[in-house]
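Taken in order, the sequence shown gives residues 332 to 416; the numbers are from this note's numbering. In this text, a Cβ means the ideal position worked out from N, Cα and C, and glycines have one as well.
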Amino acid sequence: MKLLNLILWVGQFGFSAIFPTLLFLMLGAWLHAKFSWGLWVIWVLGILGVLTSIQTTKACWKSLKKAADELSPPKDRSVSFNDHT
């Protein structure tokens, strides 16, 4: 079940990387067409979308890394014959 959860996190990672940029660009294109604003609104919202995508991707990456670390078995640090000092 934990492996399935990890696979779902991978899909969420891709969604978090793409969706904010597309949403902000579509909003900028709609504002440009509806209210006849200049192309600057598309550029500003596009940059804002990319910055938002970077931020959400970083947060999602940290959560994905944490979930992967919880899935991996703990490392046994017992001292063996050749390991002691």
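Residue environment, PRO404, which counts as buried when at least 16 other CB atoms sit within 10 Å: By the Cβ neighbour-count rule, PRO404 is exposed, with fewer than 16 other Cβ atoms within 10 Å of its own.
Whole-angstrom Cβ separation of ALA398 and LEU337, contact assumed at under 8 Å? Indeed they touch by this definition, with Cβ atoms about 6 Å apart.
Given this structure, state the Cα-to-Cα distance separating TRP392 from ILE385, to the nearest angstrom. Going by the C-alpha atoms only, they are around 10 Å apart.
Relative to the C-alpha of PHE355, which candidate in ASP400, LYS396, VAL381 has its C-alpha closest? Measuring from the Cα of PHE355, the nearest candidate turns out to be VAL381.
Since I believe LEU379 is in contact with LYS333 (beta carbons under 8 Å), could you give me their beta-carbon distance rounded to a whole number of angstroms? For LYS333 against LEU379, the beta-carbon gap comes to about 36 Å, at or over 8 Å, which does not count as contact.
Among the residues of its own chain, which have a CB less than 8 Å from the CB of LEU370, if the five just before and after it don't count? The beta carbon of LEU370 lies closer than 8 Å to those of HIS363 in the same chain, with the five residues before and after it left out.
What residue ranges within the stretch 343–386 form continuous alpha helix (DSSP H) runs of no fewer than 4 residues, ordered along the chain? As far as the stretch 343–386 is concerned, it has no whole alpha helix (DSSP H) run of at least 4 residues.
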